[in-house]
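For reference, the structure is listed below as structure tokens.
In full-length UniProt numbering, the protein residues as written are 1 to 354.
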């Protein structure tokens, strides 16, 4: 049915853009395409060629051939991938609310808009039950996830009401404030590390110590002596989420790594020196659990964004909100490992990413 509807949708796009003499192109992608490095680069070159010729790409997921386990699942995530792929300056996520709230505005009359998010790590929320979260509707969780992907790639992300679409130019050109602005990180991921970030995460995780966080922030590899625990199941060459325990005792994902060993092997390598790997796993493998070239961090170097890094943002219309505890009654908790988000965005078809 998706293939039937796409023909009609593209006809509408074509009729509209033809009326203003604007050429367009249809691009269908699947998560499987972007997980393969060669296909990822081919897709990137396609977008570069289209944009260089002033052709607007209309992007959609290739639902007719996408495998269920390798689907974007929602328009927010797809748009974040495309924004990263194309080096977009802005990603606009349009919805039916005015932005990200301090609470659900339907149930909480005191809920207010959060105009600016400088550190997206403060917005980790538990959506495992698929119900509304502390930040509004359940569908907002997918937008937070999309913003996290996009901002790590250097793309400012704005969540705003679809009826404010006419203000997009004012936001980009004049730095006007509408909805919620998520600032891009000052040192965005590039090249292979950005590609790693966009990989489908493995069904597992590795928890590391403070020594590892310092080492990885200094572009070092991940070793057995860095690992505290391993959970879930994954194979070698999968992108595995890396977690650390923060100052409040909560687990926080801070990066991902394409690992050299399976989950069973990684468990055996906890606390072990590289010289002992052969005796432990029974074959001559890599000296590290993950090489530094195969590790990406959500905030490279641990440096958070702030308004001073982005002179194009109007500081008067975007009051700084660095500590969300000032707006929230309590800090949102990190979701338990492997909790499944049951929320759905329920949004209308995608708008262009930039």
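C-beta: ideal position from N, C-alpha, C; glycine also.
Since the model is a prediction, treat every value here as computed from it, not as a measurement.
Check                                                                                                                                                                            : Outcome
What separation, rounded to the nearest whole angstrom, lies between the Cα atoms of residue 270 and residue 257?                                                                : 16 Å
Using the beta-carbon count (16 or more within 10 Å), is residue 205 buried or exposed?                                                                                          : buried
Please report the Cβ distance between residue 13 and residue 58, rounded to the nearest whole angstrom; I am assuming they are in contact, meaning their Cβ atoms lie under 8 Å. : 5 Å
Assign residue 355 to one of three DSSP states: helix, strand, or coil.                                                                                                          : Here the chain has residues from 1 to 354 only, and residue 355 is not among them.
Give the C-beta separation of residue 98 and residue 113 to the nearest angstrom, bearing in mind that I take them to be a contact with Cβ-Cβ under 8 Å.                         : 6 Å
From the DSSP output, read off the bridge partner residues of residue 160.                                                                                                       : 94
Quickly, what does DSSP pair residue 101 with across the bridge? List them, please.                                                                                              : 113
Whose C-alpha, out of 4, 203, 96 and 259, is nearest the C-alpha of residue 161?                                                                                                 : 96
Helix, strand or coil for residue 155? Go by DSSP, reduced to three states.                                                                                                      : coil
Output needed for residue 236: all residues of its chain with C-beta closer than 7 Å, excluding positions within five of it in sequence on either side, in chain order.          : 259, 260, 261 and 262
So for residue 216, helix, strand or coil by DSSP?                                                                                                                               : helix
By DSSP's criteria, residue 186 is part of a beta bridge. Which residues make up the other side?                                                                                 : DSSP, once it has assigned bridges, lists no residue as partnering residue 186.
Return the chain-ordered list of same chain residues with a C-beta closer than 6 Å to the C-beta of residue 221, the five sequence neighbours on each side being excluded.       : 288, 291 and 292
Would you give the residue range spanned by the beta strand (DSSP E) that residue 295 belongs to?                                                                                : 295-297
Count the C-beta pairs between the stretch 147-158 and the stretch 74-91 that are closer than 8 Å, then say yes if the count reaches three, no if not.                           : yes
Can you give the beta carbon distance from residue 183 to residue 143, rounded, assuming they're within the 8 Å contact cut?                                                     : Going by Cβ atoms, the distance from residue 183 to residue 143 rounds to 15 Å, so no, they are not a contact pair.
Look at the Cβ atom of residue 194, then the Cβ atom of residue 153, and state whether they are nearer than 8 Å.                                                                 : yes
With DSSP collapsed to three states, give me the class of residue 3.                                                                                                             : helix
Going straight from the alpha carbon of residue 75 to that of residue 276, what length do you get?                                                                               : 46 Å
Work out the CA separation of residue 296 and residue 177 for me, nearest whole Å.                                                                                               : 31 Å
Less than 8 Å between the beta carbons of residue 85 and residue 39, yes or no?                                                                                                  : no
Going by C-alpha distance, which of 265, 294 and 298 is nearest residue 284?                                                                                                     : 265
Among 218, 223 and 200, whose alpha-carbon lies nearest the alpha-carbon of residue 431?                                                                                         : Look at the range of the chain in this structure, 1 to 354, and you will see that residue 431 is not part of it.
Let me know if residue 102 comes out buried or exposed under the rule of 16 or more other beta-carbons within 10 Å of its beta-carbon.                                           : buried
Tell me, to the nearest whole angstrom, how far the beta carbon of residue 173 is from that of residue 158; I am working on the premise that it is less than 8 Å.                : Actually they are not in contact, since the Cβ atoms of residue 173 and residue 158 sit about 14 Å apart, beyond 8 Å.
When the Cα atoms are used, what is the spatial distance from residue 116 to residue 108?                                                                                        : 20 Å
Hey, could you find the ends of the alpha helix (DSSP H) residue 47 is sitting in?                                                                                               : 37-52
I'd like to confirm the pairing. Which residues does DSSP put opposite residue 60 in its beta bridges?                                                                           : 28
What does a CB cutoff of less than 8 Å around residue 244 pick up in its chain, not counting 5 residues either side in sequence?                                                 : 207, 208, 209, 210, 212, 213, 251, 252 and 254
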